[in-house]
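Protein chains in written order, with numbering that gives the first Met the number 0: chain A, 0 to 320; chain B, 0 to 320; chain C, 0 to 283; chain D, 0 to 283. Below is one structure, written out as structure tokens, with a few remarks after it.
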Amino acid sequence: MNLDFEQSITEIEQQIADLQKKAEADGSNVKSDLSSLQKKLEAQIKKVYSELTPWQTVQVARHPERPIMRDYIKGMFSEFIDLHGDRCFGDDQALVGGFATIGSHRCVLIGMDKGRTVEEKIKANFGMSNPDGYRKALRLMKLAEKYQIPVVSLVDTPAAYPGREAEERGQAEAIARNLTEMAGLKVPIVVTVTGEGGSGGALGIAVGDSVLMLSHSIYSVIPPEGCAAILWRDAEKAPEAAEALKVTAPSLLQMGIIDEIIQEPVGGAHRDPAATFTATRSAIVKRLSKLKKLSEHKLLAQRREKYARIGKYDRRRHSTH
Amino acid sequence: MNLDFEQSITEIEQQIADLQKKAEADGSNVKSDLSSLQKKLEAQIKKVYSELTPWQTVQVARHPERPIMRDYIKGMFSEFIDLHGDRCFGDDQALVGGFATIGSHRCVLIGMDKGRTVEEKIKANFGMSNPDGYRKALRLMKLAEKYQIPVVSLVDTPAAYPGREAEERGQAEAIARNLTEMAGLKVPIVVTVTGEGGSGGALGIAVGDSVLMLSHSIYSVIPPEGCAAILWRDAEKAPEAAEALKVTAPSLLQMGIIDEIIQEPVGGAHRDPAATFTATRSAIVKRLSKLKKLSEHKLLAQRREKYARIGKYDRRRHSTH
Amino acid sequence: MGWFRRSRKKQTQPVEQVDLWTICPSCKAHIYKEEWAKALMVCAKCGFHDKLTCHERVACTVDEKSFRELDRDIKPRDHLKFSDAKSRYADKAKETTEELGINEAILTGRATLNGIPIVLGVMDFRFIGGSLSSGVGDKIYLASDYALRHKRPLILFSASGGARMQEGIVSLMQMAKTCAGISRLNKAGIPYISVLTNPTFGGVSASYAMVGDLNIAEPGALIGFAGRRVIEQTIKQTLPPDFQTAEYLLAHGFVDRIVPRSEMKDLLAKVLCYGRRGKPPCKP
Amino acid sequence: MGWFRRSRKKQTQPVEQVDLWTICPSCKAHIYKEEWAKALMVCAKCGFHDKLTCHERVACTVDEKSFRELDRDIKPRDHLKFSDAKSRYADKAKETTEELGINEAILTGRATLNGIPIVLGVMDFRFIGGSLSSGVGDKIYLASDYALRHKRPLILFSASGGARMQEGIVSLMQMAKTCAGISRLNKAGIPYISVLTNPTFGGVSASYAMVGDLNIAEPGALIGFAGRRVIEQTIKQTLPPDFQTAEYLLAHGFVDRIVPRSEMKDLLAKVLCYGRRGKPPCKP
Ligand SMILES: [Zn+2]
Ligand SMILES: [Zn+2]
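What follows is the structure in structure tokens.
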């Protein structure tokens, strides 16, 4: 499935399809034509994806064929043992977690699953967790702390679910508790935003020592549509809002919010999931190896300092105003 | 209100009432008769209460006029600031807790309230807590741990509530979690069974460094009626079961389950609540003063040893069998 | 209590006679302004707790003349060079600062409360909806740091619509930053009391405001994660009238107590006495 | 697997031919006894997991010949001189011991599981309903102590109707005692896996069985605090058919996984590899 702004790509793909159909029909030799069209296609994809606007990036991050949690589990981990329940109320289906092995590292893995089929999407509540999900994640992180193994968190959610029962059971409390506990968790936490980093719902499992981002993923304080509806009084102005909010990985790296961008294959993660998994796994493993060498004291001091620095008021710079 | 076995007491009380009525009617001088009847009454109460059977003790422990949580709060604590909620699901009305001051000790107080009026009883679910109650208690105990102040627990419950929602929300888990966390809580815990110590529902807030019991309170693995229904196949055999189960304070002291019996006034706590509060406060304050002197390490080792000893298999004693 | 007399100039009506009265936003009762201020902006008729400015809140919370502001110089910074359809964030921030005479949506400082040394933070809803910006996050983190170093309890009064979206992701990260500050207080055993006032939502309720040792709320305060309208749109149902009120949160286990404004100071003093960790006990 | 062949003599029917068959207690299917035993008492037709004796459980859980029993001498003690309408507890305990050839409702020991050194406890429901006695509590506490001292993970298989009321309050206190043992493992970072089998109720579910690092359940196992009948009497309502099943507990967040008996050993081996705390990693 191609997105709106991929019209030029779609056209070349259509040409290739037509050529192949023709060759099948009349047996004509189209090998060299095909080859040049293929090259043209690759070049065009590369061009389009190198010039993505923030709003186009949002669309890629939400692409229906973009790899989701279950794909990363299969693609990056040699073992995954899913564990369930918050030991309090339920077992949220939007938030998946368990023991997992990546490279030589045994860890606790947590992350949002959006589901692929319609049934799965509904079951997973489109990746929007309820409080029970955040509490399950916290329980598993505390287990990681007891076992002294690191936490790997994969973030891909439009938002924490804004539902009645979510409020009743304390969506705000659940996220706040996670932020507080993750700040002091005594094992390394490596976070990767793989798709949508949707506001507090994402942050609820995204406090970490290293925060990585796939190159076409986004991370935002509010969905661009929501921001446009409030500040532009027109949800259709989402592209402007996306631009203004600086939701893309390069902007976030520049602002010091994330530590690394994981380069996606040409044309986005959905065009080559295998290569995406390889790159992501390699980035996570490197981070784990590095973080595991730190003492607990150093790890926690560094994590705290990382967040204390974000938006820190610099008296030398600002006192001249 | 007198209990069935207090017939002889009721009779003397009736004689006193008759005499007073007569004196009011004809102005006759009954002062000396009254005085001797009063002495007789006191002697009879003393006699009856010194010969209580276990089943009679059960009835006293459940006496509708026996002081309940709210009475102890008013009677023993110079300050009580009730705090609410388990930060997860709800605010159980059967389990009350908050900051409290007893003597010179600031502490966290937890305990079951049974309610006095019908409306209160219903609201308090007759002192039968749901999982939310145990979780609220645990939250407050963790707060005591953060603030390094002791926990005072007052136990008076027929049982943990055996309801559908209680099971759904994890009654077993909530109690088990409390037992585990209380075993390792880093501040002194002084427990007093004031009325009914009903099985796991009581134990869920009754793991402590000192466990005290009012002289006419009970503490049992199962309500005598339940035990009778199972082992005698007849709930009417509750008196036999109460006897067999050894539910009274003297038996429990002898078995090393509790550390001290707090003597109730003659005729039971309900006949003189003020004296009951004085005795109970004094016992709790003494325990707190003593426990506060222990180092954290010593406190925890001693608490663990206390429970490890209960029912410990003694090889020297039993190997001869 | 100078702040109570000086404040509320903006609400002055042109007709002189009206100036003596204020109208309760909740029950529409007419109340003498002087009485209204004396009652700390609480309606004598219906108990409605109106919003307070940060200076009003400080005045009715800590001992007179005990407040010393911390980090006053911290002001909004335009990390994103953000502008929307109407205006530039930098301009809006500057205007707000000048209009209100405060530099950010929170005022922090040290003070005493019935003689107990504390660190206090008070949000001001007038400042861009009390939104959580990098300045607010920084001031809270620094306040928690001060509390940690001086072993003073921290009290934060929240009033906020959520994160300040004009600061984008930098604003979101302040949730993590403030909670990291609270995490340190927890490990060190320093009391942290959160007071939730009307309204407390989004990135503020989902961070420091909800993880107090005690969460105390003012009567009727609206507190939640998502806004009522967003939820109604999502679930396509009308929500009950008491939804997200302080009373609703108490019933659902997230608030320890609801405390009327007139009793707040004494209640805070009382609970602080339980978190002294070996320091001499408070006066009774 | 000798225990599987030797066991179940009691179910033998007088007619010889019937002896070859067993009847699934759930779906009533007739199944060859040999197949039944080979399937570890799991019905090939309906998946019903029948109860196992402690020796059968040990046989299908740990490496062959690796099990070394601990505290075998601990047996029931009659703290209360308890007798009910029918019998004396002391007699009942003695008879049960002699009949089953085990001293208590739990068998504890050290063993290896796919080569990993562990401490194992396995309850036996035949022994007075798998009830939690002082002997059971003591053996569990001692097993946790052994696990702590030798830094071995602890695995407990529960099967119990609850506390052993014939031991009165001493039985109740075993809940606190066993949990005190688990508390020490938590603080020391020693893994503790709880496996809940059919049935696990009362004083056992409300103590060590419910606070595993992982709570693993067998399919269809009934697990709860109060019994179904007690609850139905209390609330005067009929409960749903799946009430208190392992599947119901999974949905409500109290069980990590439901694991069929045939996969239990491998699953346990896998999860144990995550709790090695710096020891060399398990073989893949
Ligand atoms: Zn009003
Ligand atoms: Zn079957």
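Where is the CB? At the ideal position from N, CA and C, for every residue including glycine.
Item: Short of 6 Å in beta carbon distance, which residues of its chain neighbour Val-29 (chain A), apart from the five on each side in sequence? Order them along the chain.; Value: Leu-18, Ala-22
Item: To the nearest angstrom, report how far apart Arg-71 (chain C) and Thr-179 (chain A) are at their CA atoms.; Value: 26 Å
Item: Inspect the CB distances between the segment 209 to 224 of chain D and the segment 186 to 197 of chain D and report whether three or more fall short of 8 Å.; Value: yes
Item: Is the segment 202 to 218 of chain A close to the segment 49 to 62 of chain A, with three or more CB pairs under 8 Å?; Value: yes
Item: Under a three-way DSSP split, which group does Lys-305 (chain B) fall into?; Value: helix
Item: My assumption, with CB atoms under 8 Å, is that Arg-168 (chain A) sits in contact with Glu-172 (chain B). Please give the rounded CB distance.; Value: So it is not a contact: roughly 16 Å between Cβ atoms.
Item: Taking Cβ positions only, does Arg-86 (chain A) come closer than 7 Å to chain B?; Value: yes
Item: Per DSSP, which residues does Ser-214 (chain C) bridge with? Please list them.; Value: Looking at the sequence shown, residue 214 (chain C) is not Ser but Asn. Paired residues: C:Ser-193.
Item: In chain B, which residues lie with their C-beta within 8 Å of the C-beta of Glu-172 (chain A)?; Value: Arg-86, Cys-87
Item: Could you tell me the alpha carbon to alpha carbon distance between Gly-96 (chain B) and His-251 (chain C), rounded to whole angstroms?; Value: 16 Å
Item: Given that Leu-178 (chain B) touches chain D, what residues does it touch there, using C-beta distances under 7 Å?; Value: Met-174, Ala-175, Cys-178, Ser-206
Item: Between Ala-104 (chain C) and Asp-83 (chain C), is the Cβ-Cβ spacing less than 7 Å?; Value: no
Item: Taking 7 Å as the CB-CB limit, is Tyr-306 (chain B) close to chain A?; Value: no
Item: Tell me whether Phe-156 (chain D) sits in a helix, a strand or coil according to DSSP, three-state version.; Value: strand
Item: Since Gly-110 (chain B) sits in a beta bridge, which residues does DSSP pair it with?; Value: B:Val-95, B:Leu-153
Item: Apply the 10 Å Cβ neighbour rule to Gly-26 (chain B) and answer buried if 16 or more other Cβ atoms are within range, or exposed otherwise.; Value: exposed
Item: Determine which residues of the segment 106 to 138 of chain D have a Cβ less than 7 Å from any Cβ of chain A, and write them out in chain order.; Value: none
Item: To the nearest angstrom, how far is the alpha carbon of Pro-187 (chain A) from that of Glu-304 (chain A)?; Value: 15 Å
Item: Determine the chain G residues that contact Gly-169 (chain A) at a beta-carbon separation under 9 Å, and present them in chain order.; Value: The displayed structure is made up of protein chains A, B, C and D, and chain G is not among them.
Item: Write down the C-beta distance between Leu-290 (chain A) and Asp-155 (chain A) rounded to the nearest angstrom, noting that I regard them as a contact closer than 8 Å.; Value: Not confirmed; about 22 Å, so no contact.
Item: Would you identify the three-state DSSP class for Leu-271 (chain D), choosing helix, strand or coil?; Value: helix
Item: So Gly-120 (chain C) packs on Leu-155 (chain C), CB below 8 Å; how close in whole Å?; Value: 4 Å
Item: How far does the alpha helix (DSSP H) with Asp-90 (chain C) in it reach, from first residue to last?; Value: 88 to 99
Item: Taking Lys-235 (chain D) as the query, report the chain B residues whose CB atoms sit under 9 Å from its CB, ordered along the chain.; Value: None at all; the shortest Cβ gap to chain B is about 11 Å.
Item: Return the residue from the list B:Ile-221, B:Gly-194, B:Ala-300 that minimises the CA-CA distance to Gly-180 (chain D).; Value: B:Ala-300
Item: In chain C, which residues lie less than 7 Å from Leu-202 (chain A) when you measure between Cβ atoms?; Value: Leu-171, Met-174, Ala-175
Item: Looking only at its own chain, which residues have a Cβ that is under 8 Å from the Cβ of Glu-10 (chain A), when we skip the five neighbours before and after it?; Value: none
Item: Give, in chain order, every residue of the segment 208 to 236 of chain C whose Cβ lies closer than 9 Å to some Cβ of chain B.; Value: Met-209, Val-210, Asp-212, Leu-213, Asn-214
Item: For ligand 1, is there any heavy atom lying closer than 6 Å to the beta carbon of Ser-261 (chain C)?; Value: no
Item: Look up Phe-79 (chain A) in the DSSP assignment and give the residues it is bridged to.; Value: A:Ala-99
Item: Would DSSP call Gly-201 (chain C) helix, strand or coil?; Value: helix
Item: Given 6 Å as the limit, tell me if Lys-44 (chain D) has its C-beta closer than that to any heavy atom belonging to ligand 4.; Value: Absence of ligand 4 is noted for the structure shown, with ligand 1 and ligand 2 being the only ligands found.
Item: Assuming the contact rule is C-beta atoms closer than 8 Å, Met-0 (chain A) and Pro-63 (chain A) should be a hit. Round their C-beta distance to whole Å, please.; Value: 6 Å
Item: Any idea if Ile-174 (chain A) is buried or exposed, counting beta-carbon neighbours within 10 angstroms, 16 or more meaning buried?; Value: buried
Item: Here's the rule: buried if 16 or more other CB atoms are within 10 angstroms of the residue's CB, otherwise exposed. What is Arg-67 (chain D)?; Value: exposed
Item: Between which residues of its own chain and Ala-307 (chain B) is the CB-CB distance below 7 Å, once the five residues before and five after are set aside?; Value: none
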